[in-house]
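Engineer: Next up is a structure, given as structure tokens.
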Ligand SMILES: Nc1ncnc2c1ncn2[C@@H]1O[C@H](COP(=O)(O)OP(=O)(O)OP(=O)(O)O)[C@@H](O)[C@H]1O
Ligand SMILES: [Mg+2]
């Protein structure tokens with residue numbers, strides 16, 4: 038029951054953290070600079086922001102890289118089982134304990150343990166965890182003496198631990214032990230053009246998985262992605278792309294219509310370009326048409342990178358947004 042234990046899949050390829058936005062690079066930079074120190078790290082970020090991705094990379098950048106990385110999700114395991122999962126048990130410790138068993142701390146010896154959703158850790162276990170952090174000792178359930186382990190603890194939460202402490206639901210002393218360093222991963226909506234960058238990366242991964250060739254995104258698709266707020270962050274983006282790849286015919290680019298309604302509705306209204314030969318057209322309409330087409334072209338060329346498109350067009354990013362608003366290419 039490796040799955041229940043929440044231990045990582047051994048064969049799983051670890052992805053590098055993708056992203057170039059300033060707030061994301063700041064988080065990754067801090068992670069790199071503390072990777073080598075053995076201090077506990079707390080990763081804070083909304084759901085789906087890439088907390089586990091960062092935790093795995095932190096491990097790979099550390100001197101513990103050759104040793105195990107063991108993940109445990111505090112919210113996914115019934116309270117009664119957490120202690121024996123983390124610390125192990127001796128034979129006969131409780132009904133069903135047929136043999137001695139190592140806990141995840143011992144399995145992670147020399148490496149890193151990742152405690153996901155640490156805010157969900159029950160109070161009794163918080164006290165036991167504190168002891169491990171203070172003494173470096175774990176005691177299997179039913180054992181008379183503890184044993185030493187050398188494990189770096191990386192924990193993660195989407196909750197505000199300070200608030201949990203204030204509400205009396207999380208131990209302050211444990212929080213201070215866990216958050217020697219806090220890494221804050223920004224929400225996807227704060228990461229600007231990372232959306233387009235991640236969309237292309239995730240498209241490549243989705244195509245590999247589906248063994249399907251989908252060459253890229255149509256401009257309206259990138260536009261829709263850049264306008265959606267992504268409350269579910271990178272995980273939501275990933276699901277949108279998996280869905281779109283499934284719905285898109287082989288060899289064609291993904292169009293906005295292939296996304297779920299929440300995203301697809303963000304696509305700009307399709308304004309057919311008018312040919313000059315269609316009949317009389319005011320100079321104003323002709324100019325507007327041209328503006329629209331040039332902007333769409335710039336966005337298509339830059340793969341939806343709004344900053345780059347703005348630079349190419351000789352505008353600032355806010356400046357480009359303003360023009361798009363005027364042209365009805367953007368809903369606010
Ligand atoms: N910066 C990134 N680069 C590449 N892939 C990413 C990045 N961030 C997230 N992902 C991908 O997005 C998905 C969610 O990431 P992850 O599981 O690390 O997020 P999480 O914050 O732990 O989410 P949850 O709150 O749901 O547990 C994964 O498939 C992961 O590969
Ligand atoms: Mg997670």
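Numbering (the numbering used here), first residue to last: 38 to 369. Even glycine gets a Cβ: it sits at the ideal position worked out from N, Cα and C.
#1: Give every residue of the same chain whose Cβ lies closer than 6 Å to the Cβ of residue 79, excluding the five residues on either side of it in the sequence, and list them in chain order.
#2: Is there at least one non-hydrogen atom of ligand 2 closer than 8 Å to the beta-carbon of residue 193?
#3: Using C-beta distances below 7 Å, list every residue in its chain close to residue 263, excluding the 5 sequence neighbours before and after it, in chain order.
#4: When you compare the CB positions of residue 276 and residue 224, do they come within less than 9 Å of one another, or not?
#5: Using the beta-carbon of each residue, find all residues closer than 6 Å to any heavy atom of ligand 2 and list them in chain order.
#6: Give me the Cα-Cα distance between residue 166 and residue 210, rounded to the nearest whole angstrom.
#7: Would you kindly work out how many angstroms separate the C-alpha atoms of residue 155 and residue 119, rounded to a whole number?
#8: Roughly how far, in whole angstroms, is the beta-carbon of residue 110 from the beta-carbon of residue 153, given that I think they are within contact range, below 8 Å?
#9: Is residue 275 close to ligand 1? I mean its beta-carbon at under 8 Å from any heavy atom of the ligand.
#10: Could you give the DSSP three-state label for residue 325: helix, strand or coil?
#11: Where do the N-terminal and C-terminal ends of the beta strand (DSSP E) with residue 100 fall, by residue?
#12: Considering only residues of the stretch 193-253, which uninterrupted beta strand (DSSP E) runs meet the minimum length of 3 residues and lie entirely inside it, listed in chain order?
#13: Could you give the distance in angstroms between the alpha-carbon of residue 31 and the alpha-carbon of residue 105?
#14: Which whole-angstrom value describes the C-beta separation of residue 175 and residue 181, a residue pair presumed to lie in contact below a C-beta threshold of 8 Å?
#15: Classify residue 70 as buried or exposed, calling it buried when 16 or more other Cβ atoms lie within 10 Å of its own Cβ.
#16: In the DSSP assignment, find the alpha helix (DSSP H) that holds residue 349 and state where it starts and stops.
#17: When DSSP labels each residue in this structure, what does residue 184 get in the three-state scheme?
#18: With distances taken from CA atoms, which of 253, 87, 60, 121 is nearest residue 54?
#19: If you check the beta carbons only, do residue 258 and residue 283 fall under 9 Å apart?
#20: Are the CB atoms of residue 372 and residue 227 nearer to each other than 9 Å?
#21: Can you tell me where the alpha helix (DSSP H) with residue 63 in it begins and where it stops?
#22: According to DSSP, is residue 108 part of a helix, a strand, or is it coil?
#23: In its own chain, which residues sit with a C-beta less than 7 Å from the C-beta of residue 346, not counting the 5 before and 5 after it?
#24: Could you give the residue range of the beta strand (DSSP E) that holds residue 131?
Structural biologist: In short, the structure shows the following:
#1: Counting only Cβ-Cβ distances below 6 Å, and skipping sequence neighbours, we find 192, 215, 216, 219.
#2: Yes, since a heavy atom of ligand 2 falls inside the 8 Å radius drawn around the Cβ of residue 193.
#3: Cβ within range, chain order: 232, 233, 341, 343.
#4: A distance of 9 Å or more separates the beta carbons of residue 276 and residue 224.
#5: Those residues are 88, 89, 153, given in chain order.
#6: If you draw a straight line from the Cα of residue 166 to the Cα of residue 210, it comes to about 11 Å.
#7: Going by C-alpha positions, residue 155 is about 12 Å away from residue 119.
#8: Approximately 4 Å separates the beta-carbon atoms of residue 110 and residue 153; this is inside 8 Å, confirming the contact.
#9: For ligand 1, at least one heavy atom lies less than 8 Å from the Cβ of residue 275.
#10: In the structure shown, residue 325 sits in a helix (DSSP, three-state: H, G or I).
#11: Here residue 100 belongs to no beta strand (DSSP E), and DSSP marks it neither H nor E.
#12: Counting whole runs of 3 or more residues, the stretch 193-253 contains the beta strand (DSSP E) stretches 218-221.
#13: In the structure as shown, the chain starts at 38 and stops at 369, and residue 31 therefore has no counterpart that could be examined.
#14: Contact between residue 175 and residue 181 is ruled out by a C-beta separation of about 13 Å, above the 8 Å threshold.
#15: Classification of residue 70: exposed, given that the 10 Å Cβ count is below 16.
#16: That run of the alpha helix (DSSP H) goes 343-349.
#17: In this structure, residue 184 counts as strand in the three-state DSSP scheme.
#18: That would be 87, whose Cα lies nearest to the Cα of residue 54.
#19: Against a cut-off of 9 Å, the Cβ pair of residue 283 and residue 258 comes out as no contact.
#20: Because the chain here runs from 38 to 369, residue 372 falls outside it and cannot be looked at.
#21: Here the alpha helix (DSSP H) through residue 63 covers 59-72.
#22: Three-state DSSP puts residue 108 in a strand.
#23: The answer, listed in chain order, is 335, 336, 339, 357.
#24: No residue range can be given for residue 131, since it is assigned to no beta strand (DSSP E) and is classified by DSSP as neither H nor E.
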